[in-house]
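In what follows, a single structure is set out as structure tokens and then discussed.
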Amino acid sequence: MSEDQPVAPPAAPPAEPKEITLELLHCPCGEPPGNLRIEMAGAGAKVAQVRGSCCGSWAVEFINNTDDQERSLIKAAAAWNAAPRWAG
Ligand SMILES: [Zn+2]
Numbered sequence: 205m206s207e208d209q210p211v212a213p214p215a216a217p218p219a220e221p222k223e224i225t226l227e228l229l230h231c232p233c234g235e236p237p238g239n240l241r242i243e244m245a246g247a248g249a250k251v252a253q254v255r256g257s258c259c260g261s262w263a264v265e266f267i268n269n270t271d272d273q274e275r276s277l278i279k280a281a282a283a284w285n286a287a288p289r290w291a292g
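Residues in the sequence shown are numbered consecutively from 205, following the numbering used here.
Pasting the structure below:
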């Protein structure tokens with residue numbers, strides 16, 4: 205006899221902003237970004253933008269292409285650090 209026990213996926217925890225522990229370069233505004241904010245263009249979009257929480261005005265586009273929030277943050281941080289900037 206078999207009990208049909210539906211395997212319920214574990215309830216996903218509410219999305220909370222994760223702190224990035226990666227080293228982040230300064231924003232062109234002169235401040236170190238305390239946090240990165242990722243803005244998706246929409247569901248399924250491959251390209252996202254990342255802004256620093258310092259000023260929120262400088263944005264870097266990067267190929268996100270993942271649903272994994274942590275991977276997104278790592279990619280965002282890499283794009284943030286790799287983007288050319290000029291200190292005033
Ligand atoms: Zn800034």
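Yeah, the Cβ is synthetic: ideal placement off N, Cα and C, and Gly gets one too.
Taken from the Cβ of Pro237, at least one heavy atom of ligand 1 lies inside 7 Å. Between Leu240 and the set Ala216, Ala287, Ala280, Ala212, the nearest pair of CA atoms involves Ala280. Taking 8 Å as the cut-off, the Cβ atoms of Pro236 and Leu226 do not count as close.
Only exposed fits Ala247, as fewer than 16 other CB atoms lie within 10 angstroms of its CB.
Approximately 28 Å separates the beta-carbon atoms of Ala215 and Val254; this is outside 8 Å, ruling out the contact.
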